[in-house]
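First residue of the sequence shown? That's 1 in UniProt numbering, and the numbers climb one at a time after it.
Ideal Cβ positions, reconstructed from N, Cα and C, are used throughout, including at glycine.
Please read all numbers here as calculations on a predicted model, not as lab measurements.
Remarks on the structure that follows.
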Amino acid sequence: MPAIYSAPDGSKEAAVLEKLRRVIDPDFGEDIVNCGFVKALNVDESAGNVLFAIELTTPACPVKAEFERQAKAFVGELEWVKNVRVTMTAQPARNDAPETVEGLRRVRHIIAVSSCKGGVGKSTTSVNLAYTLAMMGAKVGILDADVYGPSLPTMISPESPVLEMDKGTGTITPVEYEGVKVVSFGFAGQGSAIMRGPMVSGLINQLLTTTDWGELDYLILDMPPGTGDIQLTLCQVVPITAAVVVTTPQKLAFIDVEKGVRMFAKLAVPCVSVVENLSYFEVDGVKHKPFGEGSGAAICEQYGVPNLLQMPIVPELSACGDTGRPLVLRDPACKTSSRYQDVAATVVREVAKLNNGKKPRVDIDPGYDGAFRVELPGENDDKPFWITAKNVRMSDTSARVKGSDESPDRLLNGTPIPDDIAPIEMSVIGNYAMSVTWPDGLSQVAAFNTLAKLERLPARAS
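Now the structure itself:
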């Protein structure tokens, strides 16, 4: 969290801060003073003027207008205040991780949009998400990472649709369209130096890391479908902040998407939202679901993904994708554009919580027979609780032996799970789950909402 603004007790500044403590961030559950958002407070008591800035975690904060309204109203309640001036700002985009390549140094968050199956509307989601974030005030870029079937050249129509490379430095200058920086293999002209040499994964790496992205709040990676070498390379080359998984309602889609969620789990990339395309169409206020239902909800339930966004079937969405202007730009007030605003808001909020919120913690307690010691924000009054490793393993329905759905207490080889089973490796994935590797080779994604429901051991004395 940023530094907390303070003032001497009894001062006018302290009175202002006390009023601002009534403005609560809904995601962090803290007031904006304790969140460190209040900056540059200046009080002119004789004139009755109060000036201050509210520095948010992102310029795309979906509640920034409400923060400003509340701050003005609450401070204005002070009898001596005649004028309140609030400047809304955001923390600068930067990535100071030492392993970050130069082209991504000023890219603050990298969001992967993924599907393990082609044709489910992943690129449509990527593009409309990118432009919605930009309309919310963020600086945004998008990389079309599908070399075999690039979609961006069809979905947007920039005036100069050709990438340029500096012959001296090898730096790629992205194409810009409606304020968003875009890079796609489809914008590489025939004979371009960009097209020579590397194999596919190396080419994507080049497009991503040698592009001069400049200062960005969010870089959207429109991932190619699948979970192969190309996807793994992308996840390993750059520090991906979070992933959005795109699916459709069919049960078959669940099997494919599950692979993607597990891939991200192994790489410690949290999935923050599931977007279920083709969910329904509406006639006279009645929703019809021609492709069934349940895939997206099942992913969220089993893997603890915190948000499910169901997108309607509307002809305008695909038509806009074919004519070079995303729906959220062509008709920003329509219902479907509103749904993309919901998608963007969940991304903004979850990323903010990942970077600034309280962190879950899971450890093995050797003094308690190897039990899992779990601390989850908002659970058990933020106090730790203990559960057995065996119960954690048994909670993963995907680990059940084929034909033994009634007996989840089996290893992959069919033998009973021992009472003293212990994980080989485990790590927390964002705020929603942890990844656990077991001795029989199973890689489990254990959702925190599932762990919270398991039988608990008696609390240890502190």
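Assignment of G294 by DSSP, reduced to helix, strand and coil, places it in the coil class.
With respect to the 8 Å criterion, D409 and I421 are not classified as neighbours on the basis of their beta carbons. Counting only residues of its own chain and dropping the five nearest sequence neighbours on each side, L17 has a CB closer than 8 Å to the CB of Y5, S6, A7, V33, V38 and L41.
In the same chain as Y368, and ignoring 5 residues on each side of it, the C-beta atoms closer than 8 Å to its own belong to W386, L457 and R460, in chain order.
Between L454 and the set N391, F264, K266 and G357, the nearest pair of CA atoms involves N391.
For V436 and V63, the gap between their C-alpha atoms comes out near 36 Å. Assigned with DSSP and collapsed to three states, Y218 falls in strand. Exclusion of the five residues before and after G324 leaves T154, M155, I156 and S157 as the residues of its chain whose Cβ lies within less than 8 Å of its Cβ. Assigned with DSSP and collapsed to three states, P416 falls in strand.
Check the Cα spacing between P306 and each of V182, G226, I429 and E316: the tightest is with I429. Residue range V38 to D44 is occupied by the beta strand (DSSP E) that includes D44. DSSP places L152 inside the alpha helix (DSSP H), whose first and last residues are L152 to M155. Bounds of any beta strand (DSSP E) do not take in Y340; it lies within the alpha helix (DSSP H) bounded by K335 to N356. Using a Cβ distance threshold of 8 Å, V343 and V274 do not count as a contacting pair. The distance from the Cβ of V120 to that of V246 is about 6 Å, consistent with a contact at the 8 Å cut-off. Under DSSP, P312 forms a beta bridge with Y280. Contact between the region 42-51 and the region 77-87 is present: three or more C-beta pairs spanning the two stretches fall below 8 Å. For V275, the beta-bridge partners assigned by DSSP are V246 and L309.
In this structure Q341 is buried. Its beta-carbon is surrounded by 16 or more other beta-carbon atoms within 10 angstroms. Taken atom to atom, the span from the alpha-carbon of R262 to that of Q444 is near 8 Å. In the structure shown, M426 falls within a strand segment according to DSSP collapsed to helix, strand and coil. Within the DSSP bridge table, the entry for M434 names V428 and A446 as partners. In the structure shown, L51 falls within a strand segment according to DSSP collapsed to helix, strand and coil.
Under the DSSP assignment, D256 falls outside any beta strand (DSSP E), being part of the alpha helix (DSSP H) whose first and last residues are K251 to K266.
Residue burial is scored here from C-beta neighbours: L216 has at least 16 other C-beta atoms within 10 angstroms and is therefore classed as buried. Per DSSP, the beta bridge partners of F372 are I364 and I387.
With fewer than 16 other CB atoms across the displayed protein chains lying within 10 angstroms of its CB, W80 is exposed. L143 is bridged by DSSP to V183 and L221.
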